[in-house]
Amino acid sequence: MQRSVIIDCDPGVDDCIALLAALGAPEQIDLRAICVVAGNVPVDTCARNARGVLALAGREDIPVYSGCDRPMQVDPVFAEHIHGASGLGDAKLPESTVTPATLGAVDYLCETLGQAEPASITLVITGPMTNFATALQRDPNIVEAVREVVIMGGASVEGGNITPHAEFNIFADPDAAAIVLASACPTVLIGLDATLQIRCTPPRMSELEASSHPACHAAAEMIAHVNRIYGEVYGAEGAALHDPCTIGYLLAPELYDLVSVSAKVDCSGGERRGQTVITPAQSSGLQWVTGLRDGPLFDLLVRHMERV
Ligand code: BDR
Ligand code: CA
3 MQRSVIIDCD PGVDDCIALL AALGAPEQID LRAICVVAGN VPVDTCARNA RGVLALAGRE
63 DIPVYSGCDR PMQVDPVFAE HIHGASGLGD AKLPESTVTP ATLGAVDYLC ETLGQAEPAS
123 ITLVITGPMT NFATALQRDP NIVEAVREVV IMGGASVEGG NITPHAEFNI FADPDAAAIV
183 LASACPTVLI GLDATLQIRC TPPRMSELEA SSHPACHAAA EMIAHVNRIY GEVYGAEGAA
243 LHDPCTIGYL LAPELYDLVS VSAKVDCSGG ERRGQTVITP AQSSGLQWVT GLRDGPLFDL
303 LVRHMERV
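Here is the structure:
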């Protein structure tokens, strides 16, 4: 069944790959809009990258709404050391020729969710949660329109990737994450415990590089940069495909293991800033992903990028 989907992201290499996979699945994903937020790179760069992905895909009919340019309370942090100054690693995307939307992402979320049927919109969040948290503060009733929120963020067993305790998206705006995770929206949270299981290993890179499809080719150029950094910084062979796990979940939830949990976010500003404490909880609206089938998931993502 097709879902109406809004993707709120900070592209970013793995965000771009999530967008490409979503664009390759029009039967399941009716992508209504892309919202962008400051995260991996400043918000204007995120907007340019989202528009570049749409230009590559020939889908510039989909609007891009630019959102919050800084977190709710903490000082901004970026991840250019991972994604490169452009946010795209070694890749160059086409320049969009479409006039940018003037409406802001928070206004768009409030208007669209405010007018939508109950439980009709799926929100995918692959960056700091500033846009949606700000929208929830402005109009708490918008939760009614949300069918599900699927988020890349957090860590439990895995500790962190930006600090020993915190995953980047939560660390970048812990206050926003706390608001979203405390909301009444049915939520699936996919953190490092799961996303670190899907890696761009050398054989997978060879498959992408050998592809004649433009989306796969762009993905290979983006990931090549992050793979080099992963090797240097983490000594790891193959970057993790964090954000595409959200789209994979929409397309094939049977590839994921979920448990009902409660999540507490450290908003203290101390050394555990952005830590997510995940605790099993019966009949919770929050599901935490503990594992995934990485081989079938990688194939699924490539198959959909090949359709762009
Ligand atoms: C998350 O941080 C960002 O750098 C990635 O795009 C992903 O959303 C992983 O921790
Ligand atoms: Ca991201």
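Note that this note's numbering gives residue 68 to position 66 of the sequence shown, counting from 1, and the numbers run on in steps of one.
C-beta: ideal position from N, C-alpha, C; glycine also.
Taking 7 Å as the line, does the beta carbon of residue i fall inside it for any heavy atom of ligand 2?
| i | result |
| --- | --- |
| G250 | no |
| G41 | yes |
| C18 | no |
| C11 | yes |
Counting C-beta neighbours from all protein chains within 10 Å, is the total for residue i 16 or more, i.e. buried, or is it exposed?
| i | result |
| --- | --- |
| T1 | The requested residue 1 is not part of the displayed model; the chain covers only 3 to 310. |
| V100 | exposed |
| H83 | exposed |
| S158 | buried |
| T136 | buried |
| Q284 | exposed |
Please work out which residues of its chain come closer than 8 Å, Cβ to Cβ, to residue i, disregarding the five sequence neighbours upstream and downstream, and give them in chain order.
| i | result |
| --- | --- |
| G155 | I127, M131, E169, N171, I172, A179, L191, I192, G193 and T278 |
| E119 | A147 |
Is it the case that the CB of residue i approaches a heavy atom of ligand 1 more closely than 7 Å?
| i | result |
| --- | --- |
| T128 | yes |
| F170 | yes |
| G14 | yes |
| N229 | no |
| H83 | no |
| G154 | Per the sequence presented here, residue 154 reads as Met, with Gly not at that position. True, at least one ligand heavy atom lies under 7 Å from that Cβ. |
| H167 | no |
Between which two residues does the alpha helix (DSSP H) carrying residue i extend?
| i | result |
| --- | --- |
| P282 | No alpha helix (DSSP H) holds P282; the beta strand (DSSP E) holding it covers T278 to P282. |
Which same chain residues, not among the five before or five after residue i, have their C-beta less than 6 Å away from its C-beta?
| i | result |
| --- | --- |
| H306 | A23, G26 and A27 |
| D245 | D16, D17, A20, T128 and M154 |
| G162 | A168 and E169 |
| G14 | N42, H85 and G89 |
| L56 | E62 and I64 |
Looking at the secondary structure, which residues open and close the beta strand (DSSP E) in which residue i lies?
| i | result |
| --- | --- |
| V55 | Run containing V55: none in the beta strand (DSSP E); it sits in the alpha helix (DSSP H), V45 to A59. |
| R305 | Per DSSP, R305 belongs to no beta strand (DSSP E); it is in the alpha helix (DSSP H), D296 to M307. |
| C269 | Run containing C269: none; DSSP gives neither H nor E here. |
| D10 | R5 to C11 |
| V126 | I123 to I127 |
Please return the same chain residues whose Cβ sits closer than 7 Å to the Cβ of residue i, not counting the five positions on each side in sequence.
| i | result |
| --- | --- |
| I200 | A242, L243, C247, L294, D296, L299 and F300 |
Exercise. Whole alpha helix (DSSP H) runs in the segment 64-113 with 4 or more residues, listed along the chain?
Worked result: Counting only runs of 4 or more residues that sit fully inside the segment 64-113, the alpha helix (DSSP H) segments are 82-85, in chain order.
For this session: Would you mind listing the alpha helix (DSSP H) stretches within the segment 152-203 that are 4+ residues and don't spill past its ends, in chain order?
Result: Within the segment 152-203, the runs of alpha helix (DSSP H) at least 4 residues long that lie entirely inside it are, in chain order, 170-174, 176-183 and 194-197.
Exercise. Which ranges would you report for the alpha helix (DSSP H) in the segment 208-235 if only whole runs of at least 4 residues count?
Worked result: Qualifying alpha helix (DSSP H) stretches, in chain order: 216-231.
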